[in-house]
Amino acid sequence: MTQPLTPTDWHPASWHTREAAQQPTYKDRNALEGAVAQLAALPPIVTTWEIEGLKEQLAAAQRGDAFLLQGGDCAESFDACTSDNVVQQLKILLQMSLVMLVGLKKPVIRVGRMAGQYAKPRSADFETRDGVSLPSYRGDIINRNAFTAEDREPDPQLMLRGYERAALTLNFVRSLIDGGFADLHHPENWDLDFVGGSPLAAEYHQLVRQVSDSLKFFEAIVGEPMHRTHRVNFYASHEGLHLPYEQAQTRFLPHRKRWYNLTTHYPWIGMRTADLAGAHIEYFRGIANPIAVKVGTGVSDEHLQGLIGVLNPNNEPGRLTLITRFGVKQVEEHLPRVIKAVRNVGAQVLWVCDPMHGNTETTAEGYKTRRFDNIRNELRLAFKIHQQMGSYLGGVHLELTGGDVTECIGGARGLKESDLARAYKTQVDPRLNYEQAMEIAMLIAGRLRLHDETA
Ligand code: PEP
Ligand code: CO
Numbered sequence: 047m048t049q050p051l052t053p054t055d056w057h058p059a060s061w062h063t064r065e066a067a068q069q070p071t072y073k074d075r076n077a078l079e080g081a082v083a084q085l086a087a088l089p090p091i092v093t094t095w096e097i098e099g100l101k102e103q104l105a106a107a108q109r110g111d112a113f114l115l116q117g118g119d120c121a122e123s124f125d126a127c128t129s130d131n132v133v134q135q136l137k138i139l140l141q142m143s144l145v146m147l148v149g150l151k152k153p154v155i156r157v158g159r160m161a162g163q164y165a166k167p168r169s170a171d172f173e174t175r176d177g178v179s180l181p182s183y184r185g186d187i188i189n190r191n192a193f194t195a196e197d198r199e200p201d202p203q204l205m206l207r208g209y210e211r212a213a214l215t216l217n218f219v220r221s222l223i224d225g226g227f228a229d230l231h232h233p234e235n236w237d238l239d240f241v242g243g244s245p246l247a248a249e250y251h252q253l254v255r256q257v258s259d260s261l262k263f264f265e266a267i268v269g270e271p272m273h274r275t276h277r278v279n280f281y282a283s284h285e286g287l288h289l290p291y292e293q294a295q296t297r298f299l300p301h302r303k304r305w306y307n308l309t310t311h312y313p314w315i316g317m318r319t320a321d322l323a324g325a326h327i328e329y330f331r332g333i334a335n336p337i338a339v340k341v342g343t344g345v346s347d348e349h350l351q352g353l354i355g356v357l358n359p360n361n362e363p364g365r366l367t368l369i370t371r372f373g374v375k376q377v378e379e380h381l382p383r384v385i386k387a388v389r390n391v392g393a394q395v396l397w398v399c400d401p402m403h404g405n406t407e408t409t410a411e412g413y414k415t416r417r418f419d420n421i422r423n424e425l426r427l428a429f430k431i432h433q434q435m436g437s438y439l440g441g442v443h444l445e446l447t448g449g450d451v452t453e454c455i456g457g458a459r460g461l462k463e464s465d466l467a468r469a470y471k472t473q474v475d476p477r478l479n480y481e482q483a484m485e486i487a488m489l490i491a492g493r494l495r496l497h498d499e500t501a
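Going left to right, the sequence shown walks through residues 47 to 501 as the working numbering numbers them.
Here it is as structure tokens:
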């Protein structure tokens with residue numbers, strides 16, 4: 047018997063009856079409720095047409111007919127909501143998607159970790175410095191990073207500031223795309239300033255020429271320009287961590303007879319908030335967006351099967367993505383296991399590899415970093431294991447920036463530990479820089495060797 051599309055015992059605030067992990071404690075409940083009410087009255091950031099369109103594309107990726115590129119900052123910050131940053135982030139994702147499109151010969155679904163990636167899970171509720179304990183910084187939508195009692199106090203008004211920045215970000219992205227910025231006829235629009243000096247530049251420019259030549263060739267045969275190449279689809283995603291924010295913009299759409307989270311197209315559940323009995327699962331089960339869950343080594347087969355049963359009871363195509371993040375050392379132990387567990391319940395899911403979060407380490411100087419080789423090798427093993435098991439790895443989830451930062455070690459330019467201090471800018475986790483991100487795209491596209499069998 048199929049389940050109703052929206053569970054009858056669910057509403058956007060029903061998560062309040064469950065234990066909610068990783069939430070701040072607001073001192074003033076009235077101020078919190080006031081901010082949620084203000085947020086609920088504002089227009090949505092995304093529409094259900096876009097959300098359902100994305101779900102269809104994710105269903106295609108599930109079947110092996112498309113590939114998902116999901117990437118962006120670990121945490122966006124309000125200060126970084128600038129024209130340059132948005133353009134850079136869009137440029138790197140467009141460039142990577144072009145490389146992957148040519149290499150994989152499949153549509154690439156572009157999803158930014160942007161326009162709402164403002165809340166972060168933390169390992170402790172409090173941070174202590176020199177004997178002073180203050181609430182941990184949980185992301186710009188909740189409190190401020192500076193270590194003062196005032197800055198660390200959770201402020202509900204920050205949800206409204208976050209909503210505004212998310213809207214500004216997506217508005218600019220949409221205008222750029224609608225204005226022709228992403229036109230495949232003009233990939234020179236997306237060149238990043240320092241692309242010229244990169245060891246990968248020649249390879250990239252050759253590929254761009256190849257695309258331009260193919261387009262011209264095709265248009266010459268057809269006798270008219272290919273208009274659909276002027277525009278690409280671009281979607282937003284963030285971790286659906288801060289439940290009051292997610293709840294406030296959750297609406298019932300009568301023409302679809304379902305509830306949608308309209309702050310973003312494609313929210314995901316982080317590793318620390320995937321407890322079956324917890325508030326996040328309760329919230330996510332009732333929304334119709336395509337959703338993702340991070341799967342780490344601590345997730346048992348039963349837990350995963352339970353999540354699938356609650357989050358996608360009708361086995362709806364495109365609805366559920368599993369983002370595995372085991373780390374290079376443990377991927378061979380855990381990935382075959384979870385693929386079997388999913389197969390055993392006959393579930394359709396989109397498999398995505400996050401080769402970042404299982405490979406984080408801290409250097410002797412205290413920099414949180416990741417080694418390019420470990421990232422590449424987890425990805426390589428994930429492709430290999432899925433292939434061996436007759437399943438399809440349909441996407442990649444990356445922390446990256448179009449900027450020239452030094453946060454991850456290795457890659458074509460051979461960044462060393464001693465280079466990290468030069469441009470270490472991330473607020474939370476280390477990101478691939480422009481060149482390293484491009485290299486991953488080329489590896490996936492088969493233009494460089496992902497299959498380094500020595501690793
Ligand atoms: C993240 O994606 O930034 C994150 C916190 O990941 P995870 O939940 O997989 O640890
Ligand atoms: Co992160």
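Heads up, the beta-carbon is just placed ideally off N, CA and C, and yes, glycines get one too.
Relative to the alpha-carbon of residue i, which residue among the options has its alpha-carbon at the smallest distance?
i, options, result
"L415", "M402, H251, R422", "Reading the sequence as shown, one finds Thr at residue 415 and not Leu. It is M402."
"W305", "R211, E292, M317, D465", "E292"
"Q482", "T447, G158, R468, G373", "T447"
"E348", "I337, E362, A387", "A387"
"H443", "A393, L425, C399, E210", "C399"
"D119", "I354, K340, R302, L139", "L139"
"D321", "Q68, P53, E485, S60", "Q68"
"A410", "A491, V374, A467, D186", "A467"
"D475", "G404, E328, V341, D465", "G404"
"E285", "T128, L353, G117", "G117"
"L381", "L366, V341, L353, A161", "V341"
"L261", "H231, Y438, P202", "H231"
"T310", "S221, Y209, A325, L115", "Y209"
"Y312", "T71, A161, N479", "A161"
"R318", "A487, G344, N479", "G344"
"P290", "L85, P50, D74", "L85"
According to DSSP, simplified to helix, strand and coil, what is residue i?
i, result
"R156", "strand"
"V132", "helix"
"G243", "helix"
"W56", "coil"
"A282", "strand"
"V398", "strand"
"L51", "coil"
"F218", "helix"
"K386", "helix"
"Q116", "strand"
"P233", "helix"
"A66", "coil"
"E499", "Note that E499 scores 48 on pLDDT, short of 50, meaning its location in the model is unreliable; the coordinates nonetheless yield the value given after this. Residue state, collapsed to three classes: coil."
"A121", "coil"
"E210", "helix"
"K414", "strand"
"Y438", "coil"
"S169", "coil"
"G355", "helix"
"Y480", "helix"
"K462", "coil"
"F264", "helix"
For residue i, does the count of other Cβ atoms within 10 angstroms reach 16, so buried, or fall short, so exposed?
i, result
"V178", "exposed"
"E463", "exposed"
"A81", "buried"
"V522", "No answer is possible for residue 522: it lies beyond the span of the chain, which begins at 47 and ends at 501."
"D55", "exposed"
"F372", "buried"
Can you find a heavy atom of the ligand PEP that lies under 6 Å from the Cβ of residue i?
i, result
"M205", "no"
"H403", "yes"
"M317", "yes"
"R416", "no"
"R168", "no"
"K375", "no"
"K101", "no"
"R371", "yes"
"K471", "no"
"K430", "no"
"K462", "no"
"K386", "no"
Any chance the CB of residue i is under 6 Å from a heavy atom of the ligand CO?
i, result
"D475", "yes"
"C120", "yes"
So that I know if they touch, is there some Cβ in chain D lying closer than 7 Å to that of residue i?
i, result
"T409", "Among the chains in the structure shown there is no chain D, since it carries only a single protein chain."
Mind the definition here: the segment 449-460 touches the segment 144-155 only if three or more C-beta pairs lie below 8 Å; say whether that holds. no
Are the segment 166-176 and the segment 131-146 in contact at 8 Å, needing three or more beta carbon pairs? no
For the structure I just gave you, are there three or more beta carbon pairs, one from the segment 391-398 and one from the segment 351-371, closer than 8 Å? yes
Would you check if the segment 183-192 and the segment 92-110 touch, i.e. whether three or more CB-CB distances between them fall below 8 Å? no
Segment contact flag, the segment 108-116 with the segment 196-214, C-beta cutoff 8 Å, min 3 pairs: no
Contact between the segment 424-438 and the segment 212-220 (3+ Cβ pairs under 8 Å): no
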